[in-house]
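Here is the structure we will look at, set down as structure tokens.
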């Protein structure tokens, strides 16, 4: 195949005319130059390695190269293709595709990267094993796959187009995300993503544009596949439904929203009194709305009370008894000591859980960061259980004094138990209203949230203990410095059948410099890296940390 060389050394000026030399590059690596131009390297990367299959000649010892050497056999019998290994018919030798391209003519590294190649068939397997573990080979493999991915995807242009579309979405007042699944000819479930944007311009009027963002492979199309993204928010749902007091509290917030949003006049009255945060509706799917709803009441309760008073007066003038009664009922409900304490308790819990929930849903989060944040929330809930109730009362007392609200707990009638005829004991003394509120509301919330947190993230620590040292170069270096690498590799060998602990240890010690500077972001990212680097690390990092077991 003929390609045009783009390097300056290939250009010359003849009669004031620029002539670009044409270099023919074949598939045989022995015929490749020692120094490649950028265009030559890109052309070979686009074409990819060609693994010849022919009747390989024998040497003087009666040995020959076979196509079985293109593969490595794992402990479980799985065969992995050495995509980097190519055969030269001219030299009757094998060479490393990526090392020939990116070693820049340096033949001191390995015979596999030289123009003569390697042809000692008796020691071929040992040399292949040593070469694929070397740091230089791994470095060149990473350079090969990085360049190949950039050539295939057109990263720069695609990213500029995506940024422009995202900017349109940010400026648009109305937009919609349209997603639909359909199987393709390869029987993969493809999730198509479209953005529909409504542009409102004074000069051009209203126009609707749709942008196709791409396809995503949907391995799991059930609701269970989406569970992990918002599993922390389900902790909030469990806590919110754990007591009748909590149900009544969020019911009051929803009634507050319904009252003000029920008419334009009432919403105008609300905006006249409340300047910053508006009341929010509660959603059964968007759990972040709970912290927004509580936040508006937490910081603007006096202003909301004034707005309710104004709505009641307006409804009385308009002869609307239902609206007037609702406003009065809500005002009396929120101007109670128990409601104020509940507001401060719920806001503290929701704020910390919502912060970690956003981190969990981020595409750039690593398992190390997620584990640390979840443990921090768990520790916060334990500490909050001991001191949170008094802290909430201290904060609520300042607001109650400002609004002249009586700081007294609701008195609950003692429930009488049915006595049997032979029962002579007396019922135990009832708890104080404060103790009853703390037990039925505060402790119920915190204990339910803590239990749900432990249940939903119980497997994270087990997963981290097994795979954690592979997720970033910092963790790997720390593991090596502490002398724990051998133990980690042994544990991984026991858990995964096709891992050799000794090979993995030796490879990781040599490849630590080529590991990603930051932790892998998710199992999807890990799978993508495995697909792009398949064959790079046949016995070590790739078949261990980047497998489907993630």
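Numbering (our numbering), first residue to last: 10 to 559. Ideal placement from N, C-alpha and C gives every residue a C-beta, glycine not left out.
By the Cβ rule, the stretch 274-287 counts as touching the stretch 312-328, because three or more pairs are nearer than 8 Å. Contact annotation: the stretch 320-336 does not touch the stretch 360-367, with fewer than three C-beta pairs closer than 8 Å. Rounded to whole angstroms, residue 267 and residue 291 show a C-alpha spacing of 10 Å. Beta-bridge analysis with DSSP links residue 382 to no other residue. Secondary structure at residue 80: strand, using DSSP grouped into helix, strand and coil. In chain order, 351 place their CB closer than 6 Å to the CB of residue 258, counting only its own chain and leaving out the 5 sequence neighbours on each side. Cα atoms of residue 36 and residue 59: separation of roughly 7 Å, rounded to the nearest angstrom. With contacts defined as CB atoms closer than 9 Å, residue 452 and residue 478 fail to qualify as a contacting pair. Note: residue 223 is bridge-paired with 202 in the DSSP secondary-structure output.
For residue 333, the enclosing alpha helix (DSSP H) covers residues 330-343. Excluding its 5 nearest sequence neighbours in each direction, residue 459 has C-beta neighbours in its own chain below 6 Å: 390, listed in chain order. With respect to residue 95, residue 103 sits close: the two C-beta atoms are nearer than 9 Å. When the beta-carbon positions are compared, residue 125 and residue 100 come within less than 9 Å of each other. Here the C-alpha atom of residue 375 lies approximately 9 Å from the C-alpha atom of residue 368.
Residue 199 has its alpha-carbon roughly 29 Å from the corresponding atom of residue 208.
Annotated as distal: residue 73 and residue 153, with beta-carbon spacing of 9 Å or more.
The stretch 505-515 makes contact with the stretch 75-94: 3 or more CB pairs, one atom from each, lie closer than 8 Å. Straight-line spacing of the CA atoms in residue 212 and residue 219 works out to 20 Å. Runs of the alpha helix (DSSP H) lying entirely within the stretch 250-313 and spanning at least 4 residues, in chain order: 253-270, 273-282. Between residue 121 and residue 108 a beta carbon distance of about 6 Å is seen, short of the 8 Å cut, so the two are scored as contacting. In the DSSP secondary-structure assignment, residue 123 is not bridged to any residue. Segment contact: the stretch 401-411 against the stretch 337-349, three or more CB-CB distances shorter than 8 Å; contact assigned. Note that the C-beta distance between residue 110 and residue 53 is below 9 Å. For the options 481, 474, 396, 384, the alpha carbon positioned closest to that of residue 463 is the one of 384. Spatial neighbours of residue 289 in its own chain (CB-CB distance under 7 Å, excluding positions within 5 residues in sequence) are listed in chain order as 266, 298, 301, 302, 305.
Selection 193, 441, 378 evaluated against residue 473 yields 378 as nearest (Cα-Cα). Put simply, of 128, 382, 132, 119 the residue whose alpha carbon is nearest the alpha carbon of residue 140 is 119. Take residue 356, set aside five residues on each side of it, and the residues of its chain with a beta-carbon closer than 6 Å to its own are 303, 307, in chain order.
Separation of residue 455 and residue 262 (C-alpha to C-alpha, rounded to the nearest whole angstrom) is 20 Å. Rounded to whole angstroms, residue 113 and residue 127 show a C-alpha spacing of 18 Å. Pairing residue 264 with residue 310 gives a Cβ-Cβ distance that is not under 9 Å. Check the Cα spacing between residue 65 and each of 354, 77, 90: the tightest is with 77. Put simply, of 157, 225, 470 the residue whose alpha carbon is nearest the alpha carbon of residue 47 is 157. A residue is called buried when at least 16 other Cβ atoms come within 10 angstroms of its Cβ; residue 146 meets this threshold and is buried. A distance of 9 Å or more separates the beta carbons of residue 450 and residue 405.
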